[in-house]
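Have a look at the structure below before the remarks.
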Amino acid sequence: MQILRLEALLDNYIFLLYDRQKNIAVVVDPAEAEPVLKKLYELGLKLVAIFNTHHHWDHVGGNKELIRKFPEVKVYGGAEDRGRIPGQQVFLQEGARVEFAQRVAETIFVPGHTRAHIAYYFPPQNLGEAGELFCGDTLFAGGCGRLFEGTPKQMMESLDKLRRLPENTRVWCAHEYTLKNLQFALTVDGENPDLQQRYREVKALRSRQEATVPSLLGIEKRTNPFLRWEQPALQLATNTKDPVQTFARLREMKDRF
Ligand code: ZN
Ligand code: FE
Numbered sequence: 033m034q035i036l037r038l039e040a041l042l043d044n045y046i047f048l049l050y051d052r053q054k055n056i057a058v059v060v061d062p063a064e065a066e067p068v069l070k071k072l073y074e075l076g077l078k079l080v081a082i083f084n085t086h087h088h089w090d091h092v093g094g095n096k097e098l099i100r101k102f103p104e105v106k107v108y109g110g111a112e113d114r115g116r117i118p119g120q121q122v123f124l125q126e127g128a129r130v131e132f133a134q135r136v137a138e139t140i141f142v143p144g145h146t147r148a149h150i151a152y153y154f155p156p157q158n159l160g161e162a163g164e165l166f167c168g169d170t171l172f173a174g175g176c177g178r179l180f181e182g183t184p185k186q187m188m189e190s191l192d193k194l195r196r197l198p199e200n201t202r203v204w205c206a207h208e209y210t211l212k213n214l215q216f217a218l219t220v221d222g223e224n225p226d227l228q229q230r231y232r233e234v235k236a237l238r239s240r241q242e243a244t245v246p247s248l249l250g251i252e253k254r255t256n257p258f259l260r261w262e263q264p265a266l267q268l269a270t271n272t273k274d275p276v277q278t279f280a281r282l283r284e285m286k287d288r289f
């Protein structure tokens with residue numbers, strides 16, 4: 033399975049997964065159809081499925097047009113998103129498996145950003161390889177999604193599920209928000225040397241307009257404040273030792289940042 037990252041809208045990423053043997057492709061969260069169609073034609077691929085993580089327009093905006101161009105395409109999304117994802121045919125529950133290119137993705141139910149949000153996780157095929165996590169607007173490089181339809185506790189539990197995946201999992205998040213996220217992170221975890229170093233690296237990448245996605249889960253665990261609610265520095269910054277309160281206050285502070 034090959035993975036391509038396509039830029040869309042202002043700061044969205046769309047991911048194209050494809051199988052070179054069969055010349056078929058799956059697209060994750062097509063914000064718009066045009067960049068996807070362009071790449072499919074360029075590579076001579078047939079689109080067989082759309083994997084949506086949640087119903088927001090900047091993740092499903094291309095569904096209709098893609099279905100029009102590829103009428104056999106199958107549209108996957110979370111079970112709770114019924115009625116909100118254009119063309120949805122498959123309603124995935126926690127743990128449901130989805131096959132593509134000899135790989136099997138597991139559905140992880142991650143409510144918080146929206147009440148129906150799911151992530152797609154492809155475990156590594158062979159020992160020593162990386163797994164692939166498509167997490168939409170739940171976990172970002174250096175941050176997490178806003179709480180539109182969920183509580184801090186829900187989001188924290190969702191992120192905790194993702195945090196348990198292997199450290200070398202590649203995190204394919206749906207927006208290029210990393211630099212701003214790390215600027216916030218430094219205000220609450222400024223003494224963290226891993227964070228300081230990551231900030232320097234990301235700043236350099238962005239000054240050359242390079243992408244910071246995918247990131248690695250291990251790096252997220254060491255630098256992303258929204259995976260670090262039990263760290264003393266973050267408890268200090270939020271003035272509480274209660275994990276849910278720590279997380280909730282971090283999210284509030286980020287909303288105002
Ligand atoms: Zn969203
Ligand atoms: Fe989004």
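So the sequence shown is numbered by our numbering: it starts at 33 and just counts up by one.
For every residue, glycine included, the Cβ atom is placed at its ideal position computed from N, Cα and C.
Kindly examine ligand 1 and report whether one of its heavy atoms sits closer than 7 Å to the Cβ of D169.
yes
Residues in the same chain with beta-carbon distance under 7 Å from K185, minus the five sequence neighbours each way, listed in chain order, please.
V276
By Cβ distance below 7 Å, which residues in the same chain neighbour R52 in space, the five residues on each side in sequence not counted?
Q34
Under 8 Å between C-beta atoms of T201 and T244
no
Can you list, in chain order, the residues of its chain whose CB lies under 6 Å from that of I117, leaving out five sequence neighbours each side?
N84, H87, V92 and G109
Note the first and the last residue of the continuous beta strand (DSSP E) segment covering A16.
There is simply no residue 16 to check, as the chain begins at 33 and stops at 289 in what is shown.
Where do the N-terminal and C-terminal ends of the beta strand (DSSP E) with K106 fall, by residue?
K106 to G110
Report yes or no: do three or more beta-carbon pairs, one from the segment 46-60 and one from the segment 208-223, lie closer than 8 Å?
no
Contact belief for P264 with V220 at Cβ below 8 Å, rounded distance in angstroms:
Actually they are not in contact, since the Cβ atoms of P264 and V220 sit about 12 Å apart, beyond 8 Å.
Verify the contact flag: G175, CB atom, against every heavy atom of ligand 1, threshold strictly below 7 Å.
no
Member of S247, L42, L194 and A173 whose CA lies at the smallest distance from the CA of E126
That would be L194, whose Cα lies nearest to the Cα of E126.
How is W261 classed by DSSP in three states: helix, strand or coil?
coil
The beta strand (DSSP E) with D51 in it runs from where to where?
N44 to D51
Burial state of N44, where buried means 16 or more other Cβ atoms lie within 10 Å:
Result: buried.
What does a CB cutoff of less than 6 Å around W204 pick up in its chain, not counting 5 residues either side in sequence?
F47, F166 and P246
Of all the options E233, N55, R240 and P103, which has the alpha carbon lying nearest to the alpha carbon of A173?
E233
Measure the beta-carbon distance from L124 to T146 and round it to whole angstroms, keeping in mind my assumption that it falls under 8 Å.
At roughly 14 Å, the Cβ-Cβ gap does not stay under 8 Å, so L124 and T146 are not in contact.
The beta strand (DSSP E) spanning Q34 covers which residue range?
Segment Q34 to A40, the beta strand (DSSP E) holding Q34.
DSSP-derived helix/strand/coil call for E252
helix
Other residues of its chain near N224: CB distance less than 7 Å, five sequence neighbours each side excluded
T255 and A265
Where T183 and N55 are concerned, what is the direct C-alpha to C-alpha distance, given to the nearest angstrom?
42 Å
DSSP puts F123 in a beta bridge; with which residues?
G109
Can you tell me which residues form a DSSP beta bridge with S247?
V203
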